[in-house]
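Position 84 (the sequence shown) corresponds to 84 in the working numbering; numbering is contiguous.
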Amino acid sequence: MYTKICEGLGIEFPIFAFSHCRDVVVAVSKAGGLGVLGAGFMNAEQLKEELDWIESHIDGKPYAVDVVIPQNYVGRDEPDLSEQELEDKLWKMVPQAHLDAAEKLMRDHGVPEWPEDGRPKILGWTMQTVMPCIKEALTRPNCKAIVNALGTPPEHVINMVKESGRMIGALCGKKKQAVQHKNAGLDFVVAQGGEGGGHTPEVGSVVLWPEIIDAVHPMPVLAAGGIGNGRQMLAAMSMGAAGVWTGSLWLTVEEAHAQPAQKNTLLNATVNDTVRTTSWTGKGARVLRNEWTDFWDNKENLDPLPMPLHGLVTADAMRRTETYAGSGNCQNVAINICGQVIGQINEIESCRGVVTRLLTQYLDALENVNALMPDY
Ligand SMILES: Cc1cc2nc3c(=O)[nH]c(=O)nc-3n(C[C@H](O)[C@H](O)[C@H](O)COP(=O)(O)O)c2cc1C
Numbered sequence: 001m002y003t004k005i006c007e008g009l010g011i012e013f014p015i016f017a018f019s020h021c022r023d024v025v026v027a028v029s030k031a032g033g034l035g036v037l038g039a040g041f042m043n044a045e046q047l048k049e050e051l052d053w054i055e056s057h058i059d060g061k062p063y064a065v066d067v068v069i070p071q072n073y074v075g076r077d078e079p080d081l082s083e084q085e086l087e088d089k090l091w092k093m094v095p096q097a098h099l100d101a102a103e104k105l106m107r108d109h110g111v112p113e114w115p116e117d118g119r120p121k122i123l124g125w126t127m128q129t130v131m132p133c134i135k136e137a138l139t140r141p142n143c144k145a146i147v148n149a150l151g152t153p154p155e156h157v158i159n160m161v162k163e164s165g166r167m168i169g170a171l172c173g174k175k176k177q178a179v180q181h182k183n184a185g186l187d188f189v190v191a192q193g194g195e196g197g198g199h200t201p202e203v204g205s206v207v208l209w210p211e212i213i214d215a216v217h218p219m220p221v222l223a224a225g226g227i228g229n230g231r232q233m234l235a236a237m238s239m240g241a242a243g244v245w246t247g248s249l250w251l252t253v254e255e256a257h258a259q260p261a262q263k264n265t266l267l268n269a270t271v272n273d274t275v276r277t278t279s280w281t282g283k284g285a286r287v288l289r290n291e292w293t294d295f296w297d298n299k300e301n302l303d304p305l306p307m308p309l310h311g312l313v314t315a316d317a318m319r320r321t322e323t324y325a326g327s328g329n330c331q332n333v334a335i336n337i338c339g340q341v342i343g344q345i346n347e348i349e350s351c352r353g354v355v356t357r358l359l360t361q362y363l364d365a366l367e368n369v370n371a372l373m374p375d376y
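Right, here's the structure in full:
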């Protein structure tokens, strides 16, 4: 199972774990995989704090940082505005009716108010917010890769990361995007099929993975979307993937920061409880279906706004439903980002336990497949 990408990154197993929790990142890297810190909700100051902690707990093991530079977003043609100026401009573009609708949904479901005045910070999804984060990550000795979601990173970012001696990769949900990543000189791509959590295409993993693997050969492709056990991992590797990139698996682990009420919602969810919706950010993403997604997905209600404007509508709901996860009927309107594989995740495990389980199940499945071969 040791692939070339393991050698490049200095990891034992090609198991990549995307998480917003620093404890998960550290625990997976210490277990032999690669923890990937999602910085999409952070500015540089917050990221600095997280990376200080990771660097002092990770015992010299490698990890990666995932950022979000969308290929297209409202405000991308305003590179000369400061972060604050862009944020002010974007907030002015959010119709009051959208904010009122979000507030009503939260009030109707008993979600407590946020204790302080002031709007939530914009998600870290503009060049103005992301660049200082990338520069911060590149000062860290154990951060061995930068990965981008939602598009090919700009040339100057690719050059900056490569000149620092690190790898750079990006997610994709279509062959065309994968080829664009390859032509731009990335080191690897993450091919995410539709069953995956977060931003995700319509096409499912079993169809998408081999299409992308063939299209960008010999570039390493990490298979994402729907990996929750070692059998699924073996399927991906047998198609030629260089490793597996996972997200939902780590939402309910011991080390994850989520409140117990949010973890319980996820642990109780079935394979049929997710939906691909634009109600989180304005772009298609898989989350648990509830009153929040039903409202914005209903054509008779307001349409979700384009990225990153809808993220501004959602930001207050996210911070309130995460912080007060057990209050009122918070879970009815919480944005619980996860993939279909959540139906397989029914108990709390440790990160090391998950890595060991994946490896054991992988080997068992391989043995079963080999046993199918006739003895000549
Ligand atoms: C809670 C959550 C948040 C996510 N946010 C991001 C993100 O900010 N950047 C990113 O590249 N991928 C993000 N993803 C997608 C994951 O990186 C990964 O590709 C996906 O979870 C794989 O599918 P799986 O959920 O079936 O494992 C997110 C996934 C989840 C579950």
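Note that the Cβ used here is the ideal one computed from N, Cα and C, for glycine as well.
Please find out if some non-hydrogen atom of ligand 1 comes closer than 8 Å to the beta-carbon of residue i.
i    : result
S248 : yes
G228 : yes
Q46  : no
H257 : no
G33  : no
D23  : no
A242 : no
V147 : yes
D66  : yes
H20  : yes
H310 : no
H199 : yes
L267 : no
Q192 : yes
L171 : yes
A102 : no
Q340 : yes
E50  : no
A236 : no
L251 : yes
A224 : yes
E202 : no
E38  : Residue identity check: residue 38 is Gly in the sequence provided, not Glu. Checking the Cβ of G38 against ligand 1 gives yes.
E195 : yes
W53  : no
W292 : no
W209 : no
W245 : yes
For residue i, count neighbouring Cβ atoms within 10 angstroms of its own Cβ and tell me buried if that reaches 16, exposed if not.
i    : result
A149 : buried
D77  : exposed
V313 : buried
W91  : exposed
N159 : exposed
K61  : buried
D187 : buried
K283 : buried
L372 : exposed
H181 : buried
D286 : Checking the sequence shown, residue 286 turns out to be Arg, not Asp. Result: buried.
R107 : exposed
T139 : exposed
S82  : exposed
M42  : buried
Looking at the secondary structure, which residues open and close the alpha helix (DSSP H) in which residue i lies?
i    : result
W209 : 205 to 216
I5   : 4 to 9
K162 : 155 to 163
T265 : 260 to 268
S238 : 230 to 238
Q177 : 175 to 183
L249 : Neither: L249 is in no alpha helix (DSSP H) and is coded neither H nor E.
N332 : 330 to 333
Q340 : No alpha helix (DSSP H) contains Q340, which DSSP labels as neither H nor E.
D364 : 351 to 371
For the beta strand (DSSP E) that contains residue i, what are its first and last residues?
i    : result
C21  : Run containing C21: none; DSSP gives neither H nor E here.
N346 : Where N346 is concerned, there is no enclosing beta strand (DSSP E), given that its DSSP letter is neither H nor E.
T277 : 274 to 277
N378 : Absent from the structure is residue 378, since the part of the chain shown begins at 1 and ends at 376.
T246 : 243 to 246
A191 : 188 to 192
R140 : Run containing R140: none; DSSP gives neither H nor E here.
V221 : 221 to 224
C172 : 167 to 172
If you measure from the CB of residue i, is any heavy atom of ligand 2 nearer than 8 Å?
i    : result
I337 : For the structure depicted, ligand 2 is absent and the ligand set comprises only ligand 1.
Ranges of the alpha helix (DSSP H) found wholly within the stretch 24 to 61, counting only runs of at least 4: 44 to 57
Completely contained beta strand (DSSP E) runs for the stretch 60 to 132, where each covers 3 or more residues: 63 to 68
Validate contact between the stretch 246 to 256 and the stretch 13 to 20 using beta carbons, cut 8 Å, 3 pairs: The stretch 246 to 256, when compared against the stretch 13 to 20, does touch it at the 8 Å Cβ threshold.
Cβ contact (3+ pairs, closer than 8 Å) linking the stretch 317 to 325 and the stretch 221 to 236: no
Cβ contact check for the stretch 68 to 77 and the stretch 131 to 151: 3 or more pairs under 8 Å: Taking a cut-off of 8 Å on C-beta distances, the stretch 68 to 77 touches the stretch 131 to 151, as three or more cross pairs fall below it.
Start-end ranges of the alpha helix (DSSP H) lying completely within the stretch 270 to 320, minimum 4 residues: 291 to 297
Cβ contact check for the stretch 211 to 219 and the stretch 361 to 372: 3 or more pairs under 8 Å: no
At least 3 beta-carbon pairs within less than 8 Å: the stretch 255 to 266 vs the stretch 158 to 177: In short, these stretches do not touch, since the Cβ pair count stays below three.
Cβ contact (3+ pairs, closer than 8 Å) linking the stretch 73 to 88 and the stretch 116 to 126: yes
Cβ contact check for the stretch 259 to 277 and the stretch 339 to 348: 3 or more pairs under 8 Å: yes
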